[in-house]
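Structure follows, in structure tokens:
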């Protein structure tokens, strides 16, 4: 049998869009339909270059700060969440807001507020500067301390070691987070864990699928943008669990044919903010190089969905009632 005939793709399942991303993207699309362009979006609605470019073509305008939105306009807050101060800025600018924050991120915000109200110091495990971390820390900046990995544990200073709780950014590697938690508990034995795991189900599921296929992969391709935390983590997890090489790409054309030399098994997955059309493009390119045998590696089923932001639901219901 020839080398070409042996070539195969191990396609991870689950992969791609999670419920929070799907909700956020649809929220912008529905807002454009309901209110007309332009609709302003603070930060990238989700961390994916293709999604942002597609929504821009439909009339969405992405801005970095709330103050860039003209007074009286509509602004959508991204899936990563915002600090309370951003809501205040929007109100001061007389902006109509649509909050597309992922409900799982909102859960972490609520936990942060509750523990701060109970006078805990909160150790937030996450990456400095990530939008989700900035938003969560804004809930109680005087009580939340960022811990950026296990190596950062030695730098933590708290008021009372008996009133400590840890929370985490939802898109981290499960292994990385638990390593940091372990280091924190060694230093702070009375550290309290949150009532539920903060790492989102989609992040966990995509990492588990990659762990399953990585040992057989000569090459792992992760479709996702470089500013997507969960996509970057998939590359790291793949290498840690046995993939001989791994690359992150936004589009199929970014794949260097040299990567495929000597490769018989390609693992393929995508981050939680990646539409399936981009994975299809990679599959087509791989097929053109002889990787036509595609085998699904399924490790979980996902059926979770989230309703649209309440501001949109209200107006959509009102419009439907007016047509009756």
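In the working numbering, the protein residues as written are 81 to 404. Backbone N, C-alpha and C define an ideal beta-carbon position, used for all residues, glycine too.
> Going by the beta-carbon positions, is the gap between residue 163 and residue 229 smaller than 8 Å?
Replying inline: no
>> Here's a check: name, in chain order, each residue in its chain whose Cβ is nearer than 7 Å to the Cβ of residue 169, leaving out the five neighbours to either side.
In response: 146 and 147
> Between residue 227 and residue 264, is the Cβ-Cβ spacing less than 8 Å?
Replying inline: yes
> What are the partner residues of residue 378, as DSSP defines its beta bridges?
Replying inline: 93
> Which one or two residues does DSSP pair with residue 88 in a beta bridge?
Replying inline: 345 and 373
> Going by other Cβ atoms of all chains shown within 10 Å of its Cβ, with 16 needed for buried, is residue 397 buried or exposed?
Replying inline: exposed
>> In the DSSP assignment, the beta strand (DSSP E) including residue 103 goes from what residue to what residue?
In response: First-last for residue 103: 99-115, but that is the alpha helix (DSSP H), not the beta strand (DSSP E).
> When DSSP labels each residue in this structure, what does residue 257 get in the three-state scheme?
Replying inline: helix
>> Give me, in chain order, the residues of the same chain whose beta-carbon lies closer than 7 Å to that of residue 267; leave out the 5 immediate sequence neighbours on both sides.
In response: 233
>> My output table needs one value for residue 160: the three-state DSSP class, helix, strand or coil.
In response: coil
> Can you tell me where the beta strand (DSSP E) with residue 415 in it begins and where it stops?
Replying inline: The requested residue 415 is not part of the displayed model; the chain covers only 81 to 404.
> In three-state DSSP terms, what is residue 384?
Replying inline: coil
>> Taking contact to mean 3 or more Cβ pairs, one atom from each stretch, closer than 8 Å, check whether the segment 88-101 and the segment 380-387 are in contact.
In response: yes
> For residue 177, which residues does DSSP report across the bridge?
Replying inline: 155
>> Suppose the cutoff is 6 Å on Cβ atoms and the five residues either side in sequence are ignored; what does the same chain contact list for residue 373 look like?
In response: 88
>> Would residue 359 and residue 350 qualify as a contact pair, given that the criterion is a beta-carbon distance under 8 Å?
In response: yes
>> Using 8 Å as the cut-off, can you tell me whether the segment 305-322 makes contact with the segment 283-292, which would need three or more C-beta pairs spanning the two stretches below that distance?
In response: yes
>> To the nearest angstrom, how far is the alpha carbon of residue 325 from that of residue 339?
In response: 9 Å
> Does the distance from the CB of residue 202 to the CB of residue 247 come in under 8 Å?
Replying inline: yes
> Hey, quick one: how far does the beta strand (DSSP E) through residue 201 stretch, first residue to last?
Replying inline: 201-205
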